[in-house]
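Numbering (my numbering), first residue to last: 34 to 425.
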């Protein structure tokens, strides 16, 4: 009987990263923050956060994304979606520290738009975005080579969603494209079609498809899906030549969970309910909904809703729960679209212990978890962002 020999298997960089044993500074997954965090059970956390923030005074400006926990939101100077918060940071040049309670790509955008004298800080470097991770600079460069070989690259204008890394924003800027948000995606696509015949939409396929088909009257046949894990994206040169929208195979792990069955179920349980979903949801879910819009749209729609109305919301649970509590006094019944609880797991890494650790470190003169975009990347990413700002 022979003795089995141990396999000589070397873990890949991605495997080590997922195991938490290596770090990739260009990845949205980030790394764990250093230092000792306060215990989540510390009863003095709120008082400690308040004291550190008061000690810092106007030197610190805390941004809170809508998807953050309530325990964090209570310390935010402003709340909003990712682009609104980045612009708010840029409008506060006197703030030495910008503490961004969101995820990595958001902090990168804030760093791009703020001055060199300001430091953007992310309380937990592991707060990333799975969608942004679905398009790497290397993959997108390879995609452009595929488009070049298919003799269509000179007809293509890249449009990248705000939920993308600084590298992807820079690629977009270099190739004459623009950034978009879920609020202005239609305007961005209209602008891009004035510049070229085709659009490469990165990295969220659903926002790209929903905007093209639902808002601009294109057909599903006008869209093709580029899969970076397949040779040539899984597409033929003829498919690329015939397409108007080349959609990247990426999606939001939260909004991608909602289904037509979720919509049908809530309608059966709550007669008269209004179904309101984010455009990052799948096309069939958007088609089955009553209303579709960005995070800011969702908030404004509920603000304007009549008393006693019923709403099922297809977006991140922290926001839905906060809105349900906010409008309970107006007898507005607001529920999560799906029966399954669905937080954004990476967004939820920013908790009160991380925020306290960050604020106390800054108050003690120790700069931690700074997010910095290199000058070359910043130059072209800022160009793409400025094109968006110039949209009519």
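Even for Gly, the Cβ is constructed at its ideal location relative to N, Cα and C.
Where residue i and residue j are concerned, what is the direct C-alpha to C-alpha distance, given to the nearest angstrom?
i           : j           : result
residue 396 : residue 139 : 23 Å
residue 326 : residue 242 : 14 Å
residue 148 : residue 114 : 21 Å
residue 340 : residue 362 : 9 Å
residue 54  : residue 156 : Model confidence at residue 54 stands at a pLDDT of 41, short of 50, so the residue's coordinates are unreliable; what they give is reported in the following sentence. Those two C-alpha atoms are separated by around 20 Å.
residue 223 : residue 178 : 25 Å
residue 283 : residue 236 : 5 Å
residue 193 : residue 394 : 35 Å
residue 403 : residue 317 : 40 Å
residue 357 : residue 380 : 20 Å
residue 422 : residue 203 : 15 Å
residue 352 : residue 367 : 11 Å
residue 407 : residue 175 : 22 Å
residue 373 : residue 275 : 40 Å
residue 116 : residue 214 : 7 Å
residue 382 : residue 328 : 20 Å
residue 100 : residue 375 : 11 Å
residue 345 : residue 303 : 9 Å
residue 424 : residue 212 : 10 Å
residue 437 : residue 112 : Not covered by the structure: residue 437. The range shown for the chain is 34 to 425.
residue 263 : residue 84  : 53 Å
residue 92  : residue 418 : 26 Å
residue 410 : residue 398 : 29 Å
Quick check on DSSP: helix, strand or coil for residue i?
i           : result
residue 291 : coil
residue 37  : Low confidence applies here, because residue 37 scores a pLDDT of 42, under 50, leaving its location unreliable; read the following figure in that light. In the structure shown, residue 37 sits in coil (DSSP, three-state: anything other than H, G, I, E or B).
residue 366 : strand
residue 403 : strand
residue 61  : Here residue 61 scores only 46 on pLDDT, less than 50, and its place in the model should not be relied on; the value that follows carries that caveat. Residue state, collapsed to three classes: coil.
residue 409 : helix
residue 136 : coil
residue 285 : coil
residue 395 : helix
residue 388 : helix
residue 258 : strand
residue 325 : strand
residue 340 : coil
residue 335 : helix
residue 124 : coil
residue 108 : coil
residue 265 : helix
Taking the Cβ atom as the reference point for each residue, do residue i and residue j lie within a distance shorter than 8 Å?
i           : j           : result
residue 131 : residue 415 : no
residue 279 : residue 232 : yes
residue 248 : residue 219 : yes
residue 334 : residue 309 : yes
residue 371 : residue 295 : yes
residue 1   : residue 348 : Look at the range of the chain in this structure, 34 to 425, and you will see that residue 1 is not part of it.
residue 136 : residue 162 : yes
residue 158 : residue 134 : no
residue 98  : residue 78  : no
residue 150 : residue 198 : no
residue 287 : residue 377 : yes
residue 216 : residue 324 : no
residue 392 : residue 152 : no
Can you tell me which residues form a DSSP beta bridge with residue i?
i           : result
residue 346 : 309 and 369
residue 229 : Note: residue 229 sits in no beta bridge, so no partner.
residue 234 : 192 and 280
residue 131 : 94 and 153
How far does the beta strand (DSSP E) with residue i in it reach, from first residue to last?
i           : result
residue 113 : 111-113
residue 94  : 93-98
residue 212 : 211-213
Would you give the residue range spanned by the alpha helix (DSSP H) that residue i belongs to?
i           : result
residue 273 : 270-275
residue 101 : Premise fails: residue 101 is in no alpha helix (DSSP H) and is neither H nor E.
residue 201 : 199-207
residue 79  : 78-89
residue 181 : 170-182
residue 165 : 163-166
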